[in-house]
Amino acid sequence: MNDYQAGLRHNLEIVEVFDENYKMGDLVPEYKGMDLLEARKAIVKKLEEIGALVKTEDYTHNVAKCERCKTTIEPKISEQWFVSMKELAKRAADSVRNNEARFIPKKYEKQYFNWLDNIQDWCISRQLWWGHQIPAYYCEECGHINVAKTAPEKCEKCGSTKLHQDEDTLDTWFSSALWPFSTLGWPNMETEDYKTFYPTNVLVTGFDIITFWVSRMMSQGLEFTGQAPFKDILIHGMVRDSQGRKMSKTLGNGIDPIEIIDEYGADSLRFAVISGTTMGNDIRYMPEKLEQASNFANKIWNATKFIRNNDVKDEDIIEFHTKVYDKEAKTYKKELLNLEDKWIINKLETLIAEVTNNMENYDLGVALDKVYNFIWNEFCDWYIEMVKPRLYSEDYKEKVKVCYVLDYVFGISMKLLHPFMPFVTTEI
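Numbering-wise, the working numbering comes out as the position in the sequence shown, counting from 1, plus 796.
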């Protein structure tokens, strides 16, 4: 544990005021075992009896309630383990300030810095039934706390073999913070997985766990590996209902993705939560977008059938490709193409450049909408309709040319659409 162990602090000699069942402890024997709320009334009555009560009055204040059962949450002092965070936090904050890692959108840096620049020691122990168990072993003879990577055979202070491990587990976020490198063979930094995948390129997460997860992965990664665990931290919004409310069991406004996928397909659901969105902003779940996506899937499926249902031989299309496309110059001999062919290819090349730029800048919603508009409007509604007379003509060479352009443009369109609607594009 070394330096990290030195950051752990243990609070000792705490008097139990009440237990986890809201029963009074032995701080005042007179009230031992009494229910907490009953004890409060009894204490007020006792103060009144001995003349120590000045007055009682009602006042309004915030009372913390459990979001599930609505019970009042009572603060309780207890023994816990802490990590000293000052130096760890400074290093994590400096890493972003020095552009070793960046937030997208940049505005979320503020939340990150506010947390780390005003950091408090981190309570890492939890009273749960699962998780990594605290590596602390108590000597039953002298009371010394042995902290070690593996269970010690005897107490390092008195030599006793009567040891028992702390029953608490580590905070879930402590374990999660180790994920980027602990899964790749660490502390062995020479494994192929570690050298290939650490640090990784992009972390995608929501703004609500920047403080809980991102900051701690950054601090742990820098502490144990000397490198930030990722280069880009991409923050997305929360999926909310059509009224902008958070989805919750209480409001009953949540959706079951499996039911949506069974009805509309996984591609339609992906489309619905990406189209029209920008990174960092919340996403409103709009059921009508599912219909839009489903209709779009049908549109491209019908376009596929139209393109395939022709009597042109594949070898003739391949031969035309060798004539029209200059591999070395990577350009088309446009004199061999008709005006509408040049138009759609020019539109496609513009789309490729724009979508590539959008994807590199993580503007996924913008990229999807551009691909959608190109396929639906310019390719299906305009180009296909314009070339039907040529396709149905008796001029075989003209039909080959049309089929080539249809195959070429539609094939690349499917590649551009694939990250957003992978299932239907793979099948096509």
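Backbone N, C-alpha and C fix where the C-beta goes; we use that ideal spot for every residue, glycine too.
Own chain partners of residue i with C-beta closer than 6 Å, once the 5 adjacent residues on each side are dropped
i       : result
Ala1068 : Lys1085, Leu1086 and Ala1089
Phe1102 : none
Leu1213 : Val1167 and Thr1221
Phe970  : Ile920
Thr996  : Phe1026
Leu1164 : Ile1070, Ser1071 and Phe1216
Asp1078 : Gly1033, Met1034 and Arg1036
Asp1112 : Val1196
His940  : Cys951 and Lys953
Arg1012 : Trp969 and Ala973
Residue i - partner residues in DSSP beta bridges
i       : result
Lys1042 : Arg1036
Phe1206 : Phe1206 is not bridged to any residue.
Ser921  : Leu966
Val892  : DSSP output for Val892 lists no bridge partner at all.
Met820  : Phe814
Arg1080 : Arg1036
Leu959  : Cys935
Tyr1121 : Tyr1128
Ile1031 : Thr1001
Ile941  : Tyr934
Lys837  : Its beta-bridge partners do not exist; DSSP assigns none.
Thr1007 : According to DSSP, Thr1007 bridges with nothing at all.
Met996  : Checking the sequence shown, residue 996 turns out to be Thr, not Met. DSSP output for Thr996 lists Phe1026 as bridge partner(s).
Asp1063 : DSSP output for Asp1063 lists no bridge partner at all.
Ile900  : Leu1030
Same chain, Cβ closer than 8 Å to residue i, five either side skipped, listed in chain order
i       : result
Tyr904  : Phe1003, Ile1006, Ile1029, Ile1031 and Gly1076
Ser956  : Cys935, Glu936, Glu937, Cys938 and Lys950
Cys919  : Gln876, Trp877, Phe878 and Asp967
Gln929  : Gln961, Asp962, Glu963, Asp964, Thr965 and Leu966
Leu833  : Tyr818
Val1162 : Thr1074 and Asn1154
Ala889  : Tyr908, Phe909, Leu912 and Asp913
Leu849  : Val840 and Leu843
Pick from the options that is closest to residue i, judged by C-alpha positions
i       : options                             : result
Ser880  : Gln916, Trp911 and Tyr908           : Gln916
Lys1095 : Glu896, Phe1206 and Ala897          : Phe1206
Pro1218 : Gly1061, Thr1073 and Asn1106        : Gly1061
Phe899  : Thr852, Leu999 and Thr856           : Leu999
Gln923  : Ser978, Asp962 and Tyr1179          : Asp962
Trp882  : Pro871, Trp911 and Gln907           : Checking the sequence, you will find Lys at residue 882 rather than Trp. Out of Pro871, Trp911 and Gln907, Trp911 has the C-alpha closest to the C-alpha of Lys882.
Asn895  : Ala1024, Lys872 and Ala944          : Ala1024
Asn1134 : Lys1195, Lys866 and Glu952          : Lys1195
Lys851  : Ser978, Leu843 and His857           : Leu843
Asn1142 : Val1201, Tyr1192 and Leu1187        : Val1201
Lys1045 : Cys865, Thr992, Lys1119 and Val813  : Cys865
Met985  : Leu959, Thr1021, Leu1160 and Trp975 : Thr1021
Reduced DSSP category for residue i - H, G, I as helix; E, B as strand; rest coil
i       : result
Ser1015 : helix
Val1162 : helix
Phe1216 : coil
Asn910  : helix
Thr1073 : coil
Asp989  : helix
Ile930  : coil
Leu974  : coil
Ala802  : Model confidence at Ala802 stands at a pLDDT of 38, short of 50, so the residue's coordinates are unreliable and nothing is read from them.
Ile1054 : helix
Thr1225 : The shown model of the chain, from 797 to 1224, leaves out residue 1225, and the question about it has no answer.
Lys872  : coil
Glu1223 : helix
Asp831  : strand
Lys1109 : coil
Lys861  : strand
Pro1090 : Note that residue 1090 is Ser in the sequence shown here, rather than Pro. DSSP places Ser1090 in helix when its eight states are reduced to three.
Ile846  : coil
Cβ separation of residue i and residue j, assumed to be a contact under 8 Å, to the nearest whole Å
i       : j       : result
Leu1147 : Phe1170 : 5 Å
Asn1106 : Cys1199 : 6 Å
Leu1018 : Ser1209 : With 8 Å as the limit, Leu1018 and Ser1209 do not qualify as a contact, their Cβ atoms being about 43 Å apart.
Arg887  : Ser1015 : 7 Å
Glu1174 : Ile1140 : 7 Å
Lys1138 : Lys1126 : Contact flag wrong, Cβ pair sits at about 16 Å.
Ser1038 : Tyr1081 : 6 Å
Chain-order list of residues whose beta-carbon lies under 7 Å from that of residue i (same chain, five-residue window excluded)
i       : result
Ile869  : Ala860, Lys861 and Cys862
Leu1047 : Arg1041
Asn807  : The pLDDT assigned to Asn807 is 40, lower than 50, so where the model puts this residue is not dependable; a value taken from the coordinates is nonetheless given after this. Contacts found: Glu875 and Gln876.
Leu884  : Ser1015 and Glu1019
Pro983  : none
Glu1136 : Tyr1179, Met1182 and Val1183
Ala776  : Nothing about residue 776 can be reported from this structure: the residues present for the chain run from 797 to 1224 only.
Tyr1121 : Tyr1128
Thr1001 : Trp1009, Val1010 and Ile1031
Trp1172 : Phe1092 and Lys1095
Lys1211 : none
heavy atom of the ligand COA below 6 Å from residue i C-beta
i      : result
Thr867 : Summarising the ligand content, the structure contains no ligands, and the ligand COA is consequently not present.
Min CB distance residue i to chain C below 7 Å
i       : result
Gly1161 : Chain labels in this structure do not include chain C; a single protein chain is all it has.
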